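Enquirer: Heads up: the protein sequence lines correspond to chains A and B, in order.
Under this note's numbering, the first sequence is numbered contiguously, ending at residue 582.
Under this note's numbering, the second sequence is numbered contiguously, ending at residue 1476.
Note that beta-carbon positions come from the ideal geometry of N, C-alpha and C, so glycine has one too.
Please read these numbers as outputs of a predicted model, since none were measured by experiment.
So that we are looking at the same thing, I have put the structure below in C-alpha cells.
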Amino acid sequence: MSFTSLLFVTVFIPVFTTIYYIIQGNKYRNIWLLTGSLIFYSFGGINYLVLLVLMASWSCFIAGRIQRSINLAEKSSPGFQDGDEEFMNPSEHDAYEKSKRAAKIWLLIGVIVLAVVLITFKYMGFIINSTSIMPKIDKFREGIISMGMPIGISFYTFKLISYISDVYRRKTKSGNLFNVMLYTVVFHQVSQGPIVRYDTMASQFKNRSFSWEGTSNGIARFCLGLAKKTILADHCGKLAGMFLPITAGASYSVGGAYIGSLCYMLQLYIDFSAYSDMAIGLGQMVGFNYPENFNYPYAATSVRDFWKRWHISLSTFFRDYVYIPLGGNRVGFMRLILNLLVVWLLTGIWHGASSNFILWGLYYFVFIVIENLVHKFIRFPQCTGVIGIILNVCCRVYTIVIVYFGWVLFRISDFTSLSEVVKVMAGMSDRELFSTSEALMLRGNMYFLIASLTVCTPLWKYLAEKINAVLMHSFKKEAREIQNLENENSLYKQETTKDQVLVEKYGQNNGDILKEVREQDIQNHEKMLSRLENRLRKRKSERARIEAVYYGVRTLLILFFLFVSILSMVGASYTPFLYNQF
Amino acid sequence: MDENNKKEEIITEDLDKEADKKIQGYGAKYMTCISMLIFAAIFAVGVFAERPEYSESEKRPLEKKPEIWVTGTLTGKYFEKLDRWFSDTFPHRERLLSLESGMEAFYGSGSEAFYGNKTDAHEDTIPEVSESLAPVIELETSEASTEAETEASDLYSNLIETNADGTLKVDTEPKEEVEITGEQAGNIYVTNNKGYEIFYYNQGGSVKYASVINTVKALFPDRNVYDILVPNSFGVELDTSLQEELGSGNMPDAFNYIFSLMDPSVHRISLFDTMVEHKDEYIYFNTDHHWTGLGAYYAYRAFCEEKGITAHELSDFRYVDYTGFYGTFYFATNRSEELKDNPDHVEAWIPRGTNDAVITDESGAEFNSNIINDVTEANAGRKYNCFINGDHPFTRISNPAITDGSSCVVVKESYGNAFVPYLVDHYENVYVVDYRSYKDNLAQFIKDRNVQDIIFINNVQAITEKVSGEILSIFS
C-alpha cells in the first residue's frame, strides 16, 4: 500500500487510528501497531512479507548472540571499563578477548547475510545483465529479473544492519523478537524510511505519551505531506517529463532541458520530503517522535551542508556505520580520501543498480574532496555586513548549481540520452533555444512552479513559526496573569499574618488604627484582586480567541489539503513515490 | 547582576511552564476530533457510497473489483488490482476529476495552452515534389506470413490512434508503463476555447503510405482507387506561422508530396483547399479531433466531382442535431476549463435510401444498426458514434433504392465514419472496413464481390509507417 493510495487514506488510516485510540495501554497498542503494519506491508505481496519477517528474525537472533557474547565479556572481566585492559589479569583478558571476538564474528555473519539478501534482490538484474555470468540459463535469468524488488528492502535492511551494529557497539541492548519485528515493519517507515535507530524506537515502544497537541500536529503534518506529494510533486514530475522527456529520440530544446531538470529537482525533493512528512506525521498521531529527514537541502551553503540536510537518516547511517568505523577524519589525508570514496560509492550504489548512480556518487565525492581541501588550506575570514551576505548568496548559488547538475546525472540512466542532454545543456547542439510549445507550457504552469519553489525554502516554516509564536505569546500572557493573581493572594496572606502579629503585639493600645490598617489592606487587596481578575479575564478571552482562530484555520487547512489530495488520487493514475524504487 | 537577571528569567520561565499546565487549551483537542471526524466521513464515502462502473470521460469501463486468488496475494498482484479498482471507481470520480482540472486552471496564465501527451514527437522536413513514385510492395500471401502480419497488427491494435469507439487513447496508466507511447492523444494546443492536435510531418510514413496505395492500385489496375487525405483543424484553421512554431506548418505541401509519390492513375483528392474554403463554418469540432458531418459533406462534394457524379444537396437529407458533445481534446487536456465553455453538437444528415447498416464486430458477430444513430442518450464523450455506430471492423450498408450492382469499399479510421453516410445514395452496397481491426483478406473480398471503387479516406495524423503497415496487412 502506498501512503498516497486512496485505500490507505480512506480506509487504512481511519480504521487503524480509531482502533488504536480505543485500545488502552502501550502493550496492546503495540500489538495493534504490529498487526496493522503487517497488513500494510502484505499489500506488497505476502512473499515479500515472509522475506521481511525472516530478515527481522535473523537480525533478532544475531543481535541476541552478540548481546550474549558482550555480556560474557563483561562478566569475565568485572569492573572492566573501556581503556582499562592493561589492568586485567591474563586469563580474564583471554576470556574477554574470546567473547569479544565471538561478538565480532556474529556481527560479521549477520551483516554479510543481510547484505547478500539486499544485493540479491536489488542488484541481481543489473549484475546479470551487465556481466556474462549465467548467460545461457535464460529462464533463471528471467526468474530473477521478474522477482522484482521487495518494497523498502533498502530501507529496512539498513535499519537492521544499524540495529545489530548498535548492539555490538553497546549503544543499545538487544530486544525481543516482537520489538525487532515492530521496529522493522512499522508501517510509517517500512517503505521509505527514515532509517531510525533501534534505541530511538525501542524506548518509544515502552514509553510514549499521548497529547492532543502531538496528535493534532501529526494529522496536520500528514495531510500537508499528502498534499505536497499529490498536488506538487506529481505535477512537477509530469512537467519534468514534458519539458525534458527521457525517452529515446525525444524532442526538446535547450530551455526545455533546463526547465525539465529544474522540475525534476523540485519533484525529487518535494516527493521525498513529503513522504518523510507523512511518516513523521503518522508517527506523531500515535505518539512517536521521529527525527527529521530533511532540513531544506536546497538552502544549503555548501555541498557538505547539503548532505547534512538531504535524506539525513541515510547520510548519518553512512557516517556512523561506514565512515567513522573506517577511521573518520582522524586519519591521514590519503586515507581520508579513500574513506570518502568508499562512502560515496556506497551512497551511489545504494540508490540503485545503475551505473549513473555510481557516477552520481562519484560526482559528489569529487566536490566533497574539493571542499575538504579548501577548508584545509584556505582560512576564510569571518565576514559580516554586505560582504557576508554576498558571500553567503554565492555559497548557496554554488551549492544549488552543483546539486542541480547532480540530479541530471541522477535522473537519466541511459548513457546516450544522458550525454545528449548534457550536450544540449552545454549548448553544443543545434537545437533551438526555446520552442513555442514549451513557452506555452511554462506560462501555463508559472504560478504552480513558483509555489513549488517556495516549498523548497524555509519560508512557510518561518511563517508558521511566527504565527505559532503569537499563540504561545497569548498563552504566556495569560499564564503571567494567573501568576500575578497567585502572587497577590500569597502576598495578602503574608500581609494578614504580619498584621496578625502586629495586632497581637500592639493590640491593646491602638486597636482602632490597626483595624483601619487592616480594612485598608482588605480593600486594597480586593481592588487589586478585581483588577487582576479583570485583566486575566481579558487575557483569557484573548487567548481563547487566538486559539480558536489558530486551530480553526489549521483544521480548515487539513480539510482543504485532504480534499485536494483526494481529487488528485481519484482515478487510477497515481504516481508511486520516487524513492520507492531505491 | 547579570546572574541575578538570569536566575529571575529561569524562575519566571519555570513559572510559565507551570502555568502553562494550568491553562487548558481546547484547540488541539477540537482539531484532533474534527480531523478524525473528517477521516470518518471520507471512510464512509469511500466504503459505502455507490461506485461508478463506466467512465464517460475516458470512455472505458472502469476497473472491476478483483476476485481474490492465492498467487495474487503472494506476489501482491491481487492487492495491486484491489488498490487500482478502489481508486479507479472512487465514488463521484467524474466530479472530483473535473474539480481537479478546475484547480489546474490556476496553475498559470494565458488562454492558450499546450498539452503534451506525446513526448517523442518528431518532425521531418517536407521534400519538394518527388520525381519517382513510391515502390510497390511485394505481397507475400503464404499462410505463415499472413499469420505473422495479423499477429503484428494485433500487437499494434492496442497502440493505435483510437480506441474501438473512435476516441483517442488517453493515458491513464502510471508513468512507468508508458514506455510504449504508441499514438496516444497527441500534443494538443488550446486557444480561443478550441483544441487543435499538433501535426508533425513524418517522412517515412509518407513514403510508406504512398507505397501502400500504389501496391493496392497494382493489385487492382482495373478498379477505381480513390485516396482522400483529410487535413485536421490544426492545418486548416490556424495561422501558418503558428503551425510552424508548434509543429509542421505546411500540410498542403505534405499532401502534394505524398500524392506525387503515387501512381497517377490513383484518384487523389486533397481536401486541403476545400476545407480552407469553408474554414469559417462548423467543419471541425471544438473539443474533439474529428471533423463534423458538415466537414465530411464538403469532402463528399469533392469526391463526387472527382468521380464525375452529381452530389446531393444538404437540403435533400433529413437533418438531425445532437447537443452536449465533449470530445477527446476535452478529456486529453484533463478537462480544460477553456474547452468546457465551448461544448460541441453533432450535426448529421440521414441518407435518403436507407438508414440501416449491418455491422460485424471484433468477435465476428453481426448486428443491425443505424447509419445515423440517435445519440441523445449517449455519454457526452461518445456522441461521434452517431456516425455508423463508431468504429467496427466491418460494416455493410445496402441501399434498396439502387439496384445497379455498384459497390465500394471504404478503408478508413474514425474520420471516415462521418463521410460514409453520404456515399449510401450512390451505391447499392457500401462496405466499410476499419483497417485497425479488420481481420480478413480484403483483396479477396474485393475480387469476390467485384467491388468497383476502393476509397481510402485517411486523416493527416494517420500517415505513419505503422498505419500504412496496418492498411497493407488487410490486403494480404
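In this structure, how does DSSP classify residue 1421 of chain B when only helix, strand and coil are distinguished?
Expert: helix
Enquirer: Check the DSSP bridge columns for residue 1349 of chain B and list the partner residues they point to.
Expert: Its beta-bridge partners are B/1319.
Enquirer: Out of curiosity, what's the CA-to-CA distance linking residue 477 of chain A and residue 1027 of chain B?
Expert: 17 Å
Enquirer: Assign residue 60 of chain A to one of three DSSP states: helix, strand, or coil.
Expert: helix
Enquirer: Establish whether the CB of residue 1182 of chain B and some CB of chain A are separated by less than 9 Å.
Expert: Reliability of the predicted coordinates at residue 1182 of chain B is poor, the pLDDT of 27 falling under 50, and no value is obtained from them.
Enquirer: Measure the Cβ-Cβ separation of residue 1133 of chain B and residue 1273 of chain B and say whether it is below 9 Å.
Expert: no
Enquirer: Residue 1327 of chain B to residue 1372 of chain B, Cα distance in whole Å?
Expert: 18 Å
Enquirer: Since residue 296 of chain A contacts residue 458 of chain A with CB under 8 Å, what's their CB separation in whole angstroms?
Expert: 5 Å
Enquirer: Using a C-beta cutoff of 9 Å, does residue 1449 of chain B count as contacting chain A?
Expert: no
Enquirer: Is residue 1428 of chain B helix, strand or coil by DSSP?
Expert: coil
Enquirer: With a threshold of 8 Å, are at least 3 pairs of Cβ atoms found where one atom belongs to the stretch 61-80 of chain A and the other to the stretch 94-102 of chain A?
Expert: Yes, the stretch 61-80 of chain A touches the stretch 94-102 of chain A.
Enquirer: Between which two residues does the beta strand (DSSP E) containing residue 1408 of chain B stretch?
Expert: 1407-1412
Enquirer: For the beta strand (DSSP E) containing residue 305 of chain A, name the first residue and the last one.
Expert: Looking at the DSSP string, residue 305 of chain A is not in any beta strand (DSSP E); the run it does join, the alpha helix (DSSP H), is 303-309.
Enquirer: Using 10 angstroms around the beta-carbon of residue 73 of chain A, count the other beta-carbons present and answer buried if the total reaches 16, otherwise exposed.
Expert: buried
Enquirer: Quick one: list the residues of chain A neighbouring residue 1100 of chain B, beta-carbon separation under 7 Å, in chain order.
Expert: 567 and 568
Enquirer: Hey, residue 1232 of chain B and residue 1459 of chain B are a contact pair by Cβ (cut 8 Å); roughly how many whole angstroms apart?
Expert: 6 Å
Enquirer: So, is the C-beta of residue 475 of chain A closer than 9 Å to a C-beta in chain B?
Expert: yes
Enquirer: Rounded to the nearest angstrom, what separates residue 531 of chain A and residue 220 of chain A at their Cα positions?
Expert: 39 Å
Enquirer: What residues from the stretch 439-471 of chain A come within 9 Å of chain B, judged by C-beta to C-beta, listed N to C?
Expert: 439, 440, 441, 442, 443, 444, 445, 446, 447, 448, 449, 451 and 471
Enquirer: Taking the beta strand (DSSP E) that residue 1369 of chain B falls in, what are its first and last residues?
Expert: 1366-1370
Enquirer: Kindly indicate which three-state DSSP category residue 1252 of chain B falls into: helix, strand or coil?
Expert: helix
Enquirer: Which value, in whole angstroms, describes the spacing of the CA atoms of residue 1357 of chain B and residue 1474 of chain B?
Expert: Those two C-alpha atoms are separated by around 22 Å.
Enquirer: If we count the other Cβ atoms within 10 Å of its Cβ and call it buried at 16 or more, is residue 1319 of chain B buried or exposed?
Expert: exposed
Enquirer: Is there at least one Cβ from chain A nearer than 9 Å to residue 1193 of chain B's Cβ?
Expert: no
Enquirer: In the DSSP output, which residue or residues are listed as bridge partners for residue 1291 of chain B?
Expert: Residue 1291 of chain B is bridged by DSSP to B/1284.
Enquirer: If you draw a straight line from the alpha carbon of residue 257 of chain A to that of residue 293 of chain A, how long is it in whole angstroms?
Expert: 29 Å
Enquirer: Residue 1239 of chain B by DSSP, collapsed to three states: which one?
Expert: coil
Enquirer: From residue 60 of chain A to residue 186 of chain A, what distance separates their C-alpha atoms?
Expert: 16 Å
Enquirer: Just by C-beta distance, which residues in the stretch 1027-1041 of chain B are closer than 8 Å to chain A?
Expert: 1027, 1028, 1029, 1030, 1031, 1032, 1034, 1035, 1036, 1038, 1039 and 1040
Enquirer: Cα-Cα, which of A/155, A/8 and A/41 is closest to residue 311 of chain A?
Expert: A/155
Enquirer: Against chain B, with Cβ distances strictly below 9 Å, would residue 9 of chain A count as a contact?
Expert: yes
Enquirer: Which word fits residue 361 of chain A, buried or exposed, when buried means at least 16 other C-beta atoms lie within 10 angstroms of its C-beta?
Expert: Residue 361 of chain A counts as buried, since at least 16 other C-beta atoms from the protein chains shown sit within 10 angstroms of its C-beta.
Enquirer: Give me the Cα-Cα distance between residue 400 of chain A and residue 1256 of chain B, rounded to the nearest whole angstrom.
Expert: 52 Å
Enquirer: Since residue 1271 of chain B meets chain A, which of its residues come closer than 7 Å, beta carbon to beta carbon?
Expert: Neighbours of residue 1271 of chain B on chain A: none; closest Cβ ~26 Å, over 7 Å.
Enquirer: Are the CB atoms of residue 230 of chain A and residue 568 of chain A nearer to each other than 9 Å?
Expert: yes
Enquirer: DSSP on residue 1395 of chain B, reduced to helix/strand/coil?
Expert: strand
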